[in-house]
Amino acid sequence: MTGLELIVVVAATVLLMTWAARRLRLSEPLLLLIGGILIGLMPRFHNLHLPPDVVLLLFLPALLYWESLTTSLREIKNNFRSIALQATGPGRRSA
């Protein structure tokens, strides 16, 4: 099985689980987690690994785009200090 087939299976699972979560009024992250576990338990996918470039170029931009549309500016302003510290990390002082 190629990396492209794995990407198609993951994308189809995400769409199916998102649709099922909305239809059944359940938590989307919970059903996505269950879908990921089910994919991981399939014998065909035990030895497959996605290259980091695929994750960075395919999945991360989609997640960031969606979050940019759904995040409220009020929450960002209220949590700015925490966000900035987590994004940059507090510098370590050398003794």
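Taking this note's numbering, I'd label the letters of the sequence shown as residues 20 to 114. We put the CB at the ideal spot given by N, CA and C, even for glycine. Predicted, not measured: the structure shown is a model, and the values here were computed from it.
DSSP three-state assignment for residue i, whether helix, strand or coil
| i | result |
| --- | --- |
| Leu69 | coil |
| Arg37 | Checking the displayed sequence, the identity of residue 37 turns out to be Thr instead of Arg. Looking at Thr37 - three-state DSSP - the assignment turns out to be helix. |
| Arg63 | helix |
| Asn97 | helix |
| Thr90 | coil |
| Leu50 | helix |
| Gly108 | coil |
| Arg42 | helix |
Cβ neighbour criterion (16 or more within 10 Å) applied to residue i
| i | result |
| --- | --- |
| Leu50 | buried |
| Gly54 | buried |
| Met36 | buried |
Member of the options whose CA lies at the smallest distance from the CA of residue i
| i | options | result |
| --- | --- | --- |
| Leu25 | Leu83, Ala39, Leu67 | Leu67 |
| Pro48 | Leu88, Asn98, Thr32 | Thr32 |
Proximity test, Cβ basis, 8 Å: residue i and chain C
| i | result |
| --- | --- |
| Pro62 | Among the protein chains of the structure shown there is no chain C, as only one such chain exists. |
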